[in-house]
Amino acid sequence: MKLHERLRELRSERGLRLKDVAETAGISVPYLSDLERGRTNPSLETLQTLAGAYAITVHDLLEGVEFYGASTEGALPKGLADLVADPTLGPQITPDWVRTLSRIELRGKRPRDKQDWYEIYLHLKRILN
């Protein structure tokens, strides 16, 4: 995934408008729009500001962006983090499965809740075993 796609994903999965994020981050709506369209690249300071606006670390903001490090729980898509944290279901999902699941998109969208992620996990596990 490219950085601009990750920025749009973070905003969309939280149900926020460009205006909401721009105001929280203290940047202009046109600038944020350009970032999300890949028309410009943010400075490190802007990445830190955006991460703060989403209440995540820069590491988590960059999770899944091509050529960037390992996953942390804060960077997991909505619902998948709930599944991993679930005391009953979470222990059966290995870090390899978490990495695999975190890359899944269905018709350009990600599953929304813990149950959707769990069903995908079970289906893939059946196919691959």
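Just so it is clear: in the sequence shown, position 79 is 72 by my numbering, and no numbers are missing.
C-beta: ideal position from N, C-alpha, C; glycine also.
Since this is a predicted model, take the numbers as computed values, not measurements.
- The C-beta separation of Leu28 from His(-3) comes to about 6 Å, placing the pair in contact by the 8 Å criterion.
- In the assembly as shown, Ile120 is an exposed residue. Its beta-carbon has fewer than 16 other beta-carbons within 10 Å.
- The C-alpha of Arg105 is placed about 11 Å away from the C-alpha of Glu98.
- The Cβ atoms of Gly72 and Lys107 sit closer than 9 Å to each other.
- Its chain contains Tyr24 and Asp27 as the residues whose beta carbon lies nearer than 8 Å to that of Thr33, once the 5 sequence neighbours on both sides are disregarded; these appear in chain order.
- Under the DSSP assignment, Glu(-2) falls in the alpha helix (DSSP H) whose first and last residues are Leu(-4) to Glu6.
- Check the Cα spacing between Ala44 and each of Lys(-5), His116, Asp109 and Arg(-1): the tightest is with Arg(-1).
- DSSP places Lys102 within a strand segment (E or B) once states are collapsed to three.
- Secondary structure of Ala48 (DSSP, three-state): coil.
- The DSSP assignment places complete alpha helix (DSSP H) segments of no fewer than 4 residues inside the stretch 20 to 48 at 22 to 29 and 37 to 46, in order along the chain.
- Lys118 is the residue among Asp109, Leu54 and Lys118 whose C-alpha sits nearest the C-alpha of Asp89.
- With a cutoff of 9 Å on beta-carbon distance, Ala18 and Thr50 are scored as not near each other.
- Between Pro70 and Glu6, the C-beta spacing is below 9 Å.
- Around the beta carbon of Pro35, 16 or more other beta carbons lie within 10 angstroms, which makes this residue buried.
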